[in-house]
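Beneath this line is the structure, given in structure tokens, with notes to follow.
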Amino acid sequence: MLRSVIISGPPAIGKTTIAKGLANELGLKYLSGGDVLKEMAKDQGFNTDRDDFWDTEAGMSFLNIRKRNPEFDKQVDERLKKIFLNDNVIITSYTLPWLVRDGVKIWLSGSQEASAKRMTIRDHISIESAIEIVKKRYEENKMLYKKLYGFNFGDDLSVFDTVIDTDGLGPDQVLEQAKKAVRNFYDSKTTSRS
-3 MLRSVIISGP PAIGKTTIAK GLANELGLKY LSGGDVLKEM AKDQGFNTDR
47 DDFWDTEAGM SFLNIRKRNP EFDKQVDERL KKIFLNDNVI ITSYTLPWLV
97 RDGVKIWLSG SQEASAKRMT IRDHISIESA IEIVKKRYEE NKMLYKKLYG
147 FNFGDDLSVF DTVIDTDGLG PDQVLEQAKK AVRNFYDSKT TSRS
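Residue numbering for the sequence shown is -3 to 190, as defined by our numbering.
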């Protein structure tokens, strides 16, 4: 039986693109941990309608509030864990792979420069701004998750079933590798039960 798939990785690595592609291929619902966090930002009075909300001044302002209140992240993670345990979904999340046991966990790796280039196309900003944002978000996430949960985001990849290096690959190539990882995971589970 298909269970949830979690796509994780550093900021602007292409998680959403791959997760939506997998959801479409597998006929599953797509959910982003960032969307749940955005709902909470909206509850705090932020206008979160833009796709690039996290890269805006308002998004950065909310992230600063979030840093001072770890309950935001814990509430998001609790919601995601419930969904993960009760539904078959494709989820993008920075933290969920370290917080749950089952499902397929895929880490997308790649250089910060490649992530910044993706961001320049997606958000129509300069490469210098994109590099600054990518580095800042990565370091802030790393510190926050170490403080909240004790794991080393981006360093400890032992919880992942597959690591895909996205550098030099297009979205279709990364999606093919992700589909293969899901198939291999479930083929191995089926074989081990026989």
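From the three backbone atoms N, C-alpha and C, an ideal C-beta is built for every residue, glycine too.
Is it true that the CB of residue 106 sits closer than 9 Å to the CB of residue 51?
Sequence index remark: in the sequence shown, residue 51 carries index 55 (1-based). Sequence index remark: in the sequence shown, residue 106 carries index 110 (1-based). No, these two residues do not count as a Cβ contact at 9 Å.
To the nearest angstrom, report how far apart residue 15 and residue 54 are at their CA atoms.
Locating residue 15 in the sequence shown gives position 19, where the first residue counts as 1. Locating residue 54 in the sequence shown gives position 58, where the first residue counts as 1. Each residue's Cα considered, the two are about 26 Å apart.
Starting from residue 59 and walking both ways along the alpha helix (DSSP H), at which residues does that stretch end?
By one-based count along the sequence shown, residue 59 stands at place 63. Unbroken alpha helix (DSSP H) run through residue 59: 53 to 64.
Since residue 25 sits in a beta bridge, which residues does DSSP pair it with?
Working through the sequence shown from its first residue, we reach residue 25 at position 29. For residue 25, which the question treats as bridged, DSSP gives the partners 85.
Can you name, in chain order, every residue of its own chain whose Cβ lies under 8 Å from the Cβ of residue 33, other than the five neighbours on each side?
Sequence index remark: in the sequence shown, residue 33 carries index 37 (1-based). Hits under 8 Å: 62, 68, 69, 72.
Segment limits, beta strand (DSSP E) that includes residue 119:
Along the sequence shown, one-based indexing puts residue 119 at 123. Here residue 119 belongs to no beta strand (DSSP E); instead the alpha helix (DSSP H) covers 108 to 119.
Would you say residue 184 and residue 101 are within 9 Å of each other, going by their C-beta atoms?
Looking up residue 184 in the sequence shown gives position 188. Looking up residue 101 in the sequence shown gives position 105. No. Outside cutoff.
Quick one: is residue 89 buried, meaning 16 or more other Cβ sit within 10 Å of its Cβ, or exposed?
The sequence position of residue 89 within the sequence shown is 93, counting from 1. Buried is the call here.
Which value, in whole angstroms, describes the spacing of the CA atoms of residue 94 and residue 121?
Position 98 of the sequence shown, counting from 1, holds the residue named residue 94. Position 125 of the sequence shown, counting from 1, holds the residue named residue 121. Answer to the nearest angstrom: the Cα atoms are 32 Å apart.
Per DSSP, residue 104 is paired with what?
In the sequence shown, residue 104 corresponds to position 108, counting from 1. For residue 104, which the question treats as bridged, DSSP gives the partners 160.
Beta-carbon contacts of residue 254 that lie in its chain and below 6 Å, excluding the five residues immediately before and after
Nothing in the structure corresponds to residue 254, since the chain is present only between -3 and 190.
Can you name the start and end residues of the alpha helix (DSSP H) that residue 0 belongs to?
For this step, residue 0 is matched to residue 4 along the sequence shown. Premise fails: residue 0 is in no alpha helix (DSSP H) and is neither H nor E.
Would DSSP call residue 125 helix, strand or coil?
The residue you call residue 125 lines up with position 129 of the sequence shown. Three-state result, residue 125: helix.
Top-ranked residue by Cα proximity to residue 153, from 20, 103, 10
What you label residue 153 is simply residue 157 of the sequence shown in a count that begins at 1. Minimum Cα distance to residue 153 is reached at 103.
If you follow the alpha helix (DSSP H) that residue 92 is part of, which residue opens it and which one closes it?
As a first step, residue 92 is located in the sequence shown; it is residue number 96 there, counting from the start. 92 to 95 is the span of the alpha helix (DSSP H), which, as asked, contains residue 92.
Express the C-alpha separation of residue 6 and residue 134 in angstroms, rounding to a whole number.
Taking the first residue of the sequence shown as position 1, residue 134 is located at position 138. Taking the first residue of the sequence shown as position 1, residue 6 is located at position 10. One C-alpha to the other measures close to 6 Å.
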